[in-house]
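Take a look at the structure set out below.
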Amino acid sequence: MQARINSLYKAESRRVLATLIRLLGDFDLAEEGLQEAFMAAMAQWPQDGVPENPRAWLVSTGRFKAIDQIRKRARYDTSLDDIAEQLDAGLGAVDDPEGENIEDDRLRLVFTCCHPSLSAEARTALTLREVCDLTTEEIARAFLATPPTVAQRIVRAKAKIRDAAIPYEVPAPAQLPERLDSVLQVIYLVFNEGYSASSGEEVTRLDLCAEAIRLARLVLQLLPEPEVQGLLALMLLHDARKMTRSNADGELVLLEDQDRSQWHREQIDEGDGLVRDALASRRFGPYTVQAAIAAVHAGAVTAADTDWQEIVALYDLLLRLQPSPVIALNRAVAVAMGEGPAAGLRLINALLDSGQLREYHLAYAALADFHRRLAQREDAIHNYREALRLVRQEPERRFLEKRLRQLVENA
Amino acid sequence: MKYLALVYYDEAIIDAMSKTEWDALNAECYHCVQSLKSSGHFVDGAPLHPVATGTTVRVRDGKAAVTDGPFAETREQLAGFYMLEARDLNEALSLAAKIPPARLGSVEVRPVRELPVPAEAE
């Protein structure tokens with residue numbers, strides 16, 4: 028029963044929370060209600076059995092417990108009596124627990140958490156916490172911040188939602204496109220958190236990737252915009268390779284060494300279709316172009332078949348839309364694949380000379396690899412050491428150490 | 002819920018206007034107020050004389066210091082205010098977006114709070 032409730036929590040707690048926030052009009056109250064509901068489930072279901080509609084039971088119980096809480100506090104603060112009355116009377120039974128309302132509530136939650144009235148950091152922290160159920164530790168790692176900072180951001184964000192009366196609603200059509208941008212940004216951050224942990228043992232955290240993809244699908248349903256298609260495509264294409272990113276021992280496997288027969292063809296086809304649609308609209312943005320690059324990789328039957336020229340052209344387009352040193356680095360690697368390592372060295376050294384990427388381990392890893400291919404042993408060793416100084420993720424660390432060992436041992 | 006919409010713009014923009022343009026802007030503001038009144042969103046509001054007509058008072062250690070001009074030099078200056086009644090922030094923001102100087106400067110929208118009545122005053 029414990030296991031059943033645990034898996035129910037993973038599957039349903041966010042939906043239940045989203046609905047409770049709508050019913051109770053308050054994040055903290057909803058969270059309390061959610062916790063109480065699951066505690067009640069653990070106490071009652073072993074005897075009474077799992078209800079026919081667990082989600083509806085949890086929502087109903089959570090709401091009841093929360094109103095009960097307010098009533099208890101009303102003994103010390105009579106102004107809460109009115110609130111308890113309103114919540115109890117006005118809303119009646121939970122409407123249509125199986126239907127659209129639940130997904131609408133999740134969208135309400137997403138758009139509220141991503142309201143432009145909240146700071147960018149607050150939006151991301153709040154969405155990751157409330158919509159995706161990441162812990163403050165996980166969020167802190169993703170943003171290179173400390174857990175207390177993240178916790179404070181979330182507290183302040185909820186306070187602002189309360190004090191400024193940010194409504195729990197999906198934006199009106201006129202506001203929708205601009206409100207969408209911040210939502211996409213948050214979804215992509217969630218995916219990245221799941222795709223490659225920023226430190227620690229796991230290369231991928233599968234649940235978060237599925238969560239991000241699910242969120243993107245939800246948003247796409249509401250707003251079939253090219254960039255939403257582009258973002259969904261990008262995530263599907265990356266996710267299609269997740270089984271081959273690491274081997275049975277948890278070691279990193281490079282793209283060129285991945286077993287392409289293990290790639291999820293259906294997901295690749297879906298991603299491919301979405302990219303084509305998005306590009307055809309001519310209103311696409313950076314996510315779509317990144318997806319197009321991923322699609323070119325996914326379309327190559329073997330690594331040797333990769334159309335590097337097309338990839339470089341797409342990186343050129345991407346840099347015009349979104350100038351960034353990391354993108355420039357990726358472009359340099361693509362150039363090197365087509366024109367040879369020396370070309371890659373020139374480009375990356377130019378980036379480092381201009382002061383960019385100096386703390387980014389992948390820049391040095393790329394340099395090391397180019398030197399290695401050119402049999403420039405000393406330079407390769409030096410750059411692997413630099414990369415190791417900066418790397419955070421364990422599988423990446425082990426990979427770099429292995430490369431370094433091979434060079435040192437072949438003296 | 003009450004929100005204060007503080008209207009700011011760079012007075013240099015206004016100074017560069019012709020009388021016709023200035024009159025037109027004022028007429029727009031007049032109609033905006035009328036519209037807010039008829040929709041029940043207008044609680045109070047007023048345009049202000051330019052920032053140079055302002056005087057700032059600070060009391061420190063029981064002494065009042067009076068200085069000319071605004072409390073601080075800012076890129077945009079306070080030009081007026083609206084006290085709005087709105088259902089929630091989104092409604093307040095869409096009302097604020099209709100304030101004519103919003104396209105020239107910035108409108109800060111802030112929720113109004115109730116001053117708690119101190120125990121001795123009850």
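Same order as they appear, the protein sequences are chains E and R. If you use this note's numbering, the first sequence corresponds to residues 28 to 438, in order. If you use this note's numbering, the second sequence corresponds to residues 2 to 123, in order. Yeah, the Cβ is synthetic: ideal placement off N, Cα and C, and Gly gets one too.
If you draw a 10 Å sphere on the C-beta of N437 (chain E), you find fewer than 16 other C-beta atoms in it, and that means exposed. Rounded to the nearest angstrom, the gap between the Cα atoms of L116 (chain R) and R104 (chain R) is 33 Å.
Going by DSSP, G46 (chain R) is part of the beta strand (DSSP E) stretching over F43 to P48. Note on geometry: alpha-carbon atoms of E12 (chain R) and S19 (chain R) lie some 13 Å from one another.
DSSP lists no bridge partner for P253 (chain E). Spanning the alpha carbons of I100 (chain R) and Q349 (chain E) requires a straight line of approximately 34 Å.
Around the beta-carbon of K187 (chain E), 16 or more other beta-carbon atoms lie within 10 Å, marking it buried. Under the Cβ criterion (8 Å, minimum of three pairs), the region 284-297 of chain E counts as touching the region 258-266 of chain E.
The criterion of a C-beta distance shorter than 8 Å is not satisfied by G70 (chain R) and Y9 (chain R). In the displayed model, Y391 (chain E) falls within a helix according to three-state DSSP.
Burial state of Y222 (chain E) is buried, judged by a 10 Å Cβ sphere holding 16 or more other Cβ atoms. With fewer than 16 other beta carbons inside 10 angstroms of its own, P204 (chain E) counts as exposed. Residue pairing for F426 (chain E): DSSP places it in no beta bridge. Residue contact with chain E for P112 (chain R): present (Cβ-Cβ distance below 8 Å to some residue of chain E). Between A167 (chain E) and V177 (chain E), the C-beta gap is smaller than 8 Å, which places the two residues in contact. Taken in chain order, the complete beta strand (DSSP E) segments of 3 or more residues contained in the region 55-108 of chain R are 56-61, 64-69 and 78-86.
For A192 (chain E), the closest Cβ of chain R is nearer than 8 Å. If you draw a straight line from the Cα of V86 (chain E) to the Cα of L145 (chain E), it comes to about 27 Å.
In the DSSP assignment, L211 (chain E) falls within the alpha helix (DSSP H) that extends over L203 to Y222.
Cβ-Cβ separation between L341 (chain E) and A319 (chain E): approximately 5 Å, consistent with a contact (criterion under 8 Å). In the structure shown, the three-state DSSP call for V328 (chain E) is coil. Counting C-beta pairs with one atom in each stretch, the region 73-81 of chain E and the region 97-110 of chain E have fewer than three that are closer than 8 Å, which means they do not touch. Residues of chain R with a Cβ closer than 7 Å to the Cβ of S144 (chain E) are, in chain order, L90. At a cut-off of 8 Å, the C-beta of M2 (chain R) has a neighbouring C-beta in chain E. At a Cβ-Cβ threshold of 8 Å, Y195 (chain E) and G257 (chain E) do not count as neighbours. Residue burial annotation: K64 (chain R) is exposed, with fewer than 16 other C-beta atoms found within 10 angstroms of its C-beta. Distance from the Cα of M364 (chain E) is smallest, within the candidate group E:H388, E:A393 and E:R385, for E:A393.
For the pair F218 (chain E) and A325 (chain E), the Cα-to-Cα distance works out to about 19 Å. The alpha-carbon of R156 (chain E) is positioned some 14 Å away from that of L61 (chain E). In this structure, C159 (chain E) lies near E238 (chain E), with their beta-carbon atoms less than 8 Å apart.
Here N410 (chain E) has Y391, L394 and A395 as same chain residues with Cβ atoms under 6 Å from its own Cβ, once five neighbours each way along the sequence are excluded.
For L378 (chain E), the enclosing alpha helix (DSSP H) covers residues P368 to D380. In the structure shown, the three-state DSSP call for V353 (chain E) is helix.
In the structure shown, the three-state DSSP call for R111 (chain R) is strand. One thing to note: L96 (chain R) has its Cβ within 8 Å of the Cβ of L37 (chain R). With contacts defined as CB atoms closer than 8 Å, V255 (chain E) and L247 (chain E) qualify as a contacting pair.
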